[in-house]
Amino acid sequence: MTPPTPLSYSQLFFKVMNRDLKVAIHNKGDILNPIIFLVIVITLFPLGIGPETNLLTRIAPGIIWVAALLSALLSLERLFKNDYIDGSLEQMLLSPQPLFIMVLAKVTAHWLLTGLPIIIIAPLLALMLHMETLAYPALMLTLAIGTPVLSLIGAIGVALTVGLKKGGVLLSLLILPLYIPLLIFSTAAIEAAALNMPYGGHIAIITALLVGAITLSPFAISAALRVSTN
Amino acid sequence: MWKWLHPYAKPERSYQLASTLLPWFAISSVILLIVGAVWGLAFAPSELYQKEYYRIIYIHVPAATLSMSVYMAMATAVLVSMVWQLKLADAAAAAMAPIGATLTTIALITGAIWGAPSWGTSWVWDARLTSYLILLFLYLGVIALHNAFDDKALASRAAGILTLVGVVNIPIIKYSVEWWNTLHQTATISKFSAPSMSSEMLWPLLINILAFALMIGALTLVRFRNEVLARNSMRPWVQALAMKEGTH
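See below:
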């Protein structure tokens, strides 16, 4: 028997990503529910604190980002869960392909399914919250750079808890503190933009977080997966 | 060169070393704590503006200073365990997590008690307060992960990964929170800029910091011994020890 021709890194990346996307498209609820959750959470804020326009304008960036964090948290759980249950995660770990690439592909698929819809729906939510018109580009930019960081850091937490029966609450305890810097810089950038001030510095820092997360977190995710599958 | 260190990779030898060191740490910390606390709380001169209630500094500052150090010590232990595969370092890291969490809690509570009369508020979203609160969350996450696994070795490896991720994040969190605060221009702070203390106030503080450090050492040794025993409960030497302890 001839050994199969080895896959190149990009082939491997796209194979794993396509597989995850296909699986997700079969369970449409998994894609839609976090988005519906996001919209409902954002609806709750004006109901809870009153529909005063000025107040909403001021807190809109914070609300949208906090809601994005929570909905990311909600969707993260299934990142490795099904693969863990049906055993394909173990096959991935046993395969000779580099785990770094496969993990990165899975996280990318997760971002395409959850991060991207948030970015698409964000202007509508900002409109509902009367956000400053000047701040729209900043909102889109912070979400575009920031949501991959959510997926990458969150994946570490998911990888650590995937083997546990009640990982859900624990997951939020583990990763929400790690999301704080991203939340701070993103909302600061949007607020600076709303005041018509330069916000390039904040964007640069968020981009640095993204670069750091892309390069470092797959190592942590791989190590955590090896612990979880034991 | 490292030959003298090798025997301590054996749980039994480490347990014995911990047992030998424990009384020294315990006795010296108790003595220093009594000296520092009595000197600081009773004999140090009262402060000009804050009168007597500034004395909580003698608890607050040692706890706050050392809670961060405990996290670094924990991370070092985890790194040692990962790089050199020393399972005992895992036990040390597991021993330190609740101690660090307790110290952080003490620092936050004493800070709130101190803040009430001096700032007129128990809590402000100041950079340092916020980053300590997040440090507490990180500790709680590590402890929760430790408790989530049935297998102690597995729990230690999982919590270890989280500890190291936290180490990468601590500076980021610290600076993000500091910049966040300056960006929002809240009206507080600058009260933190170290007031130059008179030596009569400073000495008891330094003594207390040393006493706290020794106390942390002693508590870590106690918990480390427990962890070693729990992880090796099936070994003959532990059972022999249990038999011996049981007879008298």
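Those sequence lines, one after another, are chains H and F.
For the first sequence, our numbering begins at 83 and goes up steadily by one.
For the second sequence, our numbering begins at 287 and goes up steadily by one.
From the three backbone atoms N, C-alpha and C, an ideal C-beta is built for every residue, glycine too.
Taking only beta carbons into account, state which residues of the segment 513-524 of chain F come closer than 7 Å to chain H, listed in chain order.
none
So with CB distances below 8 Å, who are the chain F contacts of H:Ala142?
The contact set of H:Ala142 on chain F, defined by CB atoms closer than 8 Å, is empty, because the minimum CB distance reaches about 16 Å.
For H:Lys163, which of helix, strand or coil comes out of DSSP?
H:Lys163: helix per DSSP, three-state reduction.
Would a C-beta distance cut-off of 8 Å place H:Phe95 and H:Leu181 closer than the cut-off?
no
When DSSP labels each residue in this structure, what does H:Thr297 get in the three-state scheme?
helix
Would you say F:Leu440 faces chain H, with C-beta separation under 8 Å as the test?
yes
Quick one: is H:Phe267 near chain F, going by C-beta distance under 8 Å?
yes
If you check the beta carbons only, do H:Ser304 and H:Trp147 fall under 8 Å apart?
Judged by beta-carbon spacing, H:Trp147 lies beyond the 8 Å limit of H:Ser304, meaning their Cβ atoms are not closer than that value.
Of the residues H:Leu206, H:Lys248 and H:Ala271, which one's Cα is nearest the Cα of H:Leu223?
H:Ala271
Which bits of chain F does H:Asn109 rub up against, with CB to CB less than 7 Å?
None at all; the shortest Cβ gap to chain F is about 27 Å.
Taking Cβ-Cβ distances shorter than 8 Å, what residues in chain F pair up with H:Ile262?
Ile420, Ile459, Ser462 and Val463
F:Lys296 - DSSP class collapsed to helix/strand/coil:
coil
Is there at least one Cβ from chain F nearer than 8 Å to H:Ala305's Cβ?
yes
Quick check: is the beta carbon of F:Val258 nearer than 8 Å to any beta carbon in chain H?
As displayed, chain F neither begins before 287 nor continues past 534, which places residue 258 of chain F out of reach and without an answer.
Would a check of beta-carbon distances place H:Thr297 closer than 8 Å to chain F?
For H:Thr297, not one C-beta of chain F is nearer than 8 Å to its own C-beta.
Under 8 Å by Cβ, that's how I've got F:Ile385 and F:Thr506 pegged, so tell me the actual separation to the nearest angstrom.
6 Å
For the alpha helix (DSSP H) holding F:Gln571, just list the boundary residues, first then last.
The structure shown has nothing for residue 571 of chain F, since chain F only spans 287 to 534.
Would you decide whether H:Met213 is buried or exposed? Buried here means 16 or more other CB atoms lie within 10 Å of its CB.
buried
Going by C-alpha distance, which of H:Phe162, H:Leu103, H:Ala241 and H:Leu225 is nearest H:Leu194?
Taking the Cα of H:Leu194 as reference, the smallest distance to any Cα among H:Phe162, H:Leu103, H:Ala241 and H:Leu225 is reached at H:Leu103.
Looking only at its chain, what residues have a beta carbon closer than 6 Å to the beta carbon of F:Ile475, apart from the 5 residues adjacent to it on each side?
Reliability fails at F:Ile475, whose pLDDT of 40 lies under 50, so the model's placement of it is uncertain and no value is given.
Applying a beta-carbon distance threshold of less than 8 Å, which residues of chain H neighbour F:Ile447?
Those are Ile238, Leu242, Ala302, Ala305, Ala306 and Val309, listed as they occur along chain H.
By the three-class DSSP mapping on this structure, what secondary structure does F:Lys530 have?
Annotated three-state conformation of F:Lys530 is helix, per DSSP.
Contacts that F:Arg414 makes with chain H (C-beta to C-beta distance below 7 Å):
Within chain H, no residue comes near F:Arg414; the closest Cβ sits about 15 Å away, beyond 7 Å.
Exposure of H:Tyr91, with buried meaning 16 or more beta-carbon neighbours within 10 Å:
exposed
Is it buried or exposed, F:Val402, if we count other Cβ atoms within 10 angstroms and call 16 or more buried?
The identity of residue 402 of chain F in the sequence shown is Ala, whereas the question assumes Val. Exposed, by the Cβ-count rule.
Can you give me the Cβ contacts of H:Ile230 inside the same chain, cut-off strictly under 7 Å, excluding the 5 residues immediately before and after it?
In the sequence on display, residue 230 of chain H carries Pro and not Ile. Answer for H:Pro230: Trp193, Gly197 and Leu292, listed in chain order.
Neighbouring residues, chain F, relative to H:Leu234 (Cβ below 9 Å):
Near H:Leu234 there are no residues of chain F at all, since even the closest Cβ is about 11 Å away, more than 9 Å.
H:Pro199 versus H:Gln93, H:Thr297, H:Asp112 and H:Arg101, residue with shortest Cα-Cα distance
H:Asp112
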